[in-house]
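Okay, structure first, notes after.
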Amino acid sequence: MTVVYNLFFVCHLLGMAALVGGYFAVLGAPRISEVMVWGARLQFVTGLILVGLGEAALDKDYNHVKMGVKLLLSLVVVALAEIVRGKQNKGQENPNLVHVTGGLGIVTVLVAALWT
0 MTVVYNLFFV CHLLGMAALV GGYFAVLGAP RISEVMVWGA RLQFVTGLIL VGLGEAALDK
60 DYNHVKMGVK LLLSLVVVAL AEIVRGKQNK GQENPNLVHV TGGLGIVTVL VAALWT
């Protein structure tokens with residue numbers, strides 16, 4: 000089960016790279032790319048799977064408050080990415096929401112790395 004957990008962890012990191020890297024790539028002309036949307040989706044889904052696998056099969060002891068905060072932030076990032084991308088496709092661009100989406104993605108990474 001550890002191998003499966005590690006594969007999902009790699010997918011989780013790839014989602015983070017797509018979201019945050021995608022944000023930094025379009026910083027000059029702010030817009031939500033499809034890569035950012037898929038990165039946000041991947042982060043959300045793999046995060047849920049990682050906590051589920053860790054709790055059920057690997058007997059990991061998570062800080063549930065931290066996981067709740069990360070879940071909430073991740074859900075907001077996914078929702079914003081989907082909404083902003085949909086509006087962009089209709090010609091209604093909003094650079095401020097792009098920065099909020101990217102900023103919250105970075106905050107989620109900081110919560111994961113710095114909250115001990």
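Following numbering that gives the first Met the number 0, the numbering of the sequence shown begins with 0 at its first residue and continues without gaps.
C-beta atoms are modelled at their ideal positions from N, C-alpha and C, and glycine is treated no differently.
Measuring only between beta-carbons, confirm whether C10 sits less than 8 Å from chain B.
The chain inventory of the structure shown lacks chain B, comprising one protein chain alone.
Return the chain-ordered list of same chain residues with a C-beta closer than 8 Å to the C-beta of S73, the five sequence neighbours on each side being excluded.
The residue you call residue 73 lines up with position 74 of the sequence shown. Counting only Cβ-Cβ distances below 8 Å, and skipping sequence neighbours, we find A39, Q42, F43, G46, T107.
7 Å CB neighbourhood of V68 in its chain, flanking five on each side removed:
Here residue 68 is taken as the residue at index 69 of the sequence shown, counted from 1. Cβ neighbours of V68 beyond the five flanking positions: V110.
Determine the burial state of F23: buried for a count of at least 16 other Cβ atoms within 10 Å of its Cβ, exposed for fewer.
Along the sequence shown, one-based indexing puts residue 23 at 24. That one is exposed.
Answer yes or no: do A80 and V36 have a C-beta to C-beta separation smaller than 8 Å?
Taking the sequence shown and counting its residues from 1, one reaches residue 80 at position 81. Taking the sequence shown and counting its residues from 1, one reaches residue 36 at position 37. One thing to note: A80 has its Cβ within 8 Å of the Cβ of V36.
Could you name the residues of the same chain whose beta carbon sits closer than 6 Å to that of W114, not counting the 5 residues immediately before and after it, in chain order?
Counting from 1 along the sequence shown, the entry for residue 114 is found at position 115. These residues qualify, in order along the chain: K65.
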